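Remarks on the structure that follows.
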Amino acid sequence: MSAPARIRNILLVLSSVLCTLTVIQSAYCPDIYKRYSTQHSYCLGQCCNCTYYKRGVDPGLKGQILSLHNDLRNKVAAGHSYGVDHLPRASNMLEMVWDDELATIAQTWLDGCRKNGDCEECRMVSRFAVGQEIIGDFIGSEMDSQDLDNEFFSRFNALSVFTDAHVREYSDSNGNHKTSQLLWAKTWRIGCGFLRFLDPNNGRTVVNILLCNYGPGGCVEGEEVYKAGTVCSACPANTCCGDGCKKHKITNSFKGLCKVIDENLPPQGNVPHVKSGKELFYCGFNGESDCSRAVEGINRWIGKISTGGTWLSMDLGRGGHTSLTFEKPIKSKSGKLCLSITTRTGPVDANSRYTYELGGSMEETGRFLTTMVFPKADNKVKHRFHTDYFQPSEFPKNRDVKLTLSFSVPIDGQRQYIEIKRIVAMEKDCSKQTILEGSGYSVD
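Throughout the sequence shown, residue numbering follows mature numbering (1 follows the signal peptide of the UniProt record, and there is no 0), covering -26 to -1, 1 to 418 in sequence.
And the structure:
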């Protein structure tokens, strides 16, 4: 047997071993991923008709990916280029950092020689919803650093058709998904996978795919891409900008971006929220006094904090019931009230049905006022934190009213979970516009 033939046979054996190892590793699927999808990308094995030549993101490529993303965001945020001077400056755009979990999920998906992206719930993580972009899709020769530079140069040029209207309100119909995700101000974590492989559809074409996952994911219908204003004037509490980073002994290379100080915490940190004059009640489960509560029924509530924020969480089995009554009364001088409650709910296993009941009530001492029934999460907001707005038809002026939330699973139901991220009462009529202008609440 000739030397080239022996080498080819050895490579085939190694390819087979690698494929087997990948399947074994993918056989373990964490429960948290089973919650979001029956086909979560982390849990998919590599099919053995997948022939690849190179996989993974090495430190050099990782550095280039971060640099190109942050450089593009910085140019827009600070207006540091003639190509973006038609766009407003950004007051709250975050600097991106690498995220290993997002990278692992992207890589595991690509390891099946898949040329397209996956579904939203297929890449979901517990901390936040995840956005995704195919950054590089190159045919033929091996992708190099110049290919990636050219790709971002092309995306920068695409900003010429991006307008301040696109910045103010994202819409899928505008066809600006790629640009919007790259510039989404609240996105600050990125993880990518890379695979150079033989196209399984024809067995001849060599394909290079660089796939990136973004968290928290952007491109939420009706939301702003970033907040227009003076550069860095609306940076969250756990960030610094420009020379302000020196006191934290942090180097900030991108002067138009808010750099997260403690990367183990969300950008807003974990300090209690300070209420504005418009807010009658605010509980973000960050130690705010308004969060003081009494529990009836099952009391296995757990407070969680992560890079995606803070929330209160519980799982309930069949026949389970729990309720929270918040001790701080809500008092409206005018009788106007808009209550917004941000939650995430569903079965603990994606194979199960949505069988929970989530509701609430508002009571004045000795007098029942109103009930609230929450709609079950649909496919649009499934496993995303989302906000429901309630405006009582009548609300007493200048009287103490207490809020109760209840969560239950029927005796014939299946195990469900609830996570409560934020409860806010404002003295005004409920309209999404006024709520967003007041405190920037959103689908997370």
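Every residue gets a Cβ at the ideal spot worked out from N, C-alpha and C, and that includes glycine. From a predicted model like this one, the values you see are computed outputs, not experimental measurements.
- Could you tell me if I224 is buried or exposed, where buried requires 16 or more neighbouring beta carbons within 10 angstroms of its beta carbon? By the 10 Å Cβ count, I224 comes out exposed.
- Start-to-end residues for the alpha helix (DSSP H) that takes in W158: In the DSSP annotation of this structure, W158 is not part of any alpha helix (DSSP H), being labelled neither H nor E.
- Message: Taking 8 Å as the threshold (beta carbon to beta carbon), is R170 in contact with chain D?
- Response: Checking the listed chains, one finds no chain D in this structure; it contains a single protein chain.
- Just to confirm, are I392 and I315 a CB contact at a threshold of 8 Å? Here I392 is not near I315, since their CB atoms are 8 Å or more apart.
- Item | Selected residue, minimal CA-CA separation from D138, among R88, L184 and V58 | That would be V58, whose Cα lies nearest to the Cα of D138.
- Return helix, strand or coil for G114, following the three-state DSSP convention. Coil.
- Query: Would residue 424 pass as a contact of V375 if the rule is Cβ separation under 8 Å?
  - Reply: No answer is possible for residue 424: it lies beyond the span of the chain, which begins at -26 and ends at 418.
- Task: Quick one: give me the first and last residue of the alpha helix (DSSP H) that K49 is part of.
- Result: Unbroken alpha helix (DSSP H) run through K49: P33 to A52.
- DSSP three-state assignment for A80, whether helix, strand or coil: A80 falls in the helix class under three-state DSSP.
- Task: Kindly provide the ranges of any alpha helix (DSSP H) runs that are 4 or more residues long and lie completely inside the segment 309 to 358, ordered along the chain.
- Result: Those alpha helix (DSSP H) runs which fall completely within the segment 309 to 358 and span 4+ residues do not exist here.
- Task: Classify A159 as buried or exposed, calling it buried when 16 or more other Cβ atoms lie within 10 Å of its own Cβ.
- Result: By the 10 Å Cβ count, A159 comes out buried.
- Could you tell me which residues DSSP puts in a beta bridge with S263? Answer is none; S263 lacks a bridge partner.
- Task: Below 8 Å CB to CB, which residues in the same chain sit around E337 once its five sequence neighbours on both sides are set aside?
- Result: Within the same chain, E337 has close Cβ partners L343, V375, K376 and T378.
- Item | DSSP three-state assignment for E107, whether helix, strand or coil | Reduced to three states, the DSSP call for E107 is strand.
- Item | Straight-line gap, T284 to Q38 (C-alpha atoms, nearest Å) | About 31 Å.
- Rounded to whole angstroms, what's the CA-CA distance from S405 to K305? Just pull it up for me. Cα-Cα distance, rounded: 20 Å.
- Message: Distance check for I276 and T339, CA to CA, integer angstroms please.
- Response: Rounded to whole angstroms, the separation of the alpha carbons of I276 and T339 is 29 Å.
- Query: Three or more beta-carbon pairs under 8 Å between the segment 202 to 216 and the segment 62 to 74, yes or no?
  - Reply: The count of Cβ pairs closer than 8 Å, one atom from the segment 202 to 216 and one from the segment 62 to 74, reaches three, so the stretches are in contact.
- Note down, one range per segment and in chain order, each beta strand (DSSP E) of at least 3 residues found wholly within the segment 157 to 187. Considered as a whole, the segment 157 to 187 harbours 163 to 172 as its complete beta strand (DSSP E) runs of no fewer than 3 residues, in chain order.
- Query: Excluding sequence positions up to five away, which residues of its chain have a Cβ less than 6 Å from the Cβ of V31?
  - Reply: Residues of the same chain with a CB within less than 6 Å of the CB of V31, apart from the 5 flanking positions on each side, are C166 and F168 in chain order.
- Task: Could you tell me whether the segment 224 to 237 touches the segment 45 to 54, where touching means 3 or more Cβ pairs closer than 8 Å?
- Result: Of all C-beta pairs linking the segment 224 to 237 to the segment 45 to 54, three or more are shorter than 8 Å, placing the two stretches in contact.
- Query: Do you know how far the Cα of C87 is from the Cα of P(-23)?
  - Reply: Confidence at P(-23) is low in this model, with a pLDDT of 43, below 50, so the placement of that residue should be treated as unreliable; the coordinate-derived value is given next. Approximately 26 Å, taken between the alpha carbons.
- Query: Within the chosen definition, does the segment 176 to 193 reach the segment 103 to 110 through at least 3 CB pairs nearer than 8 Å?
  - Reply: Counting C-beta pairs with one atom in each stretch, the segment 176 to 193 and the segment 103 to 110 have three or more that are closer than 8 Å, which means they touch.
- Using 10 angstroms around the beta-carbon of E401, count the other beta-carbons present and answer buried if the total reaches 16, otherwise exposed. It is buried - the Cβ of E401 has at least 16 other Cβ atoms within 10 Å.
- Task: Following the continuous beta strand (DSSP E) through H14, name the residue where it begins and the one where it ends.
- Result: Neither: H14 is in no beta strand (DSSP E) and is coded neither H nor E.
- Item | CA-to-CA distance, L18 to H43, given in whole angstroms | H43 and L18 have their alpha carbons spaced roughly 28 Å apart.
- Message: Is the beta carbon of N260 closer than 8 Å to that of P241?
- Response: No, the pair does not count as a contact, with Cβ atoms beyond the cut-off.
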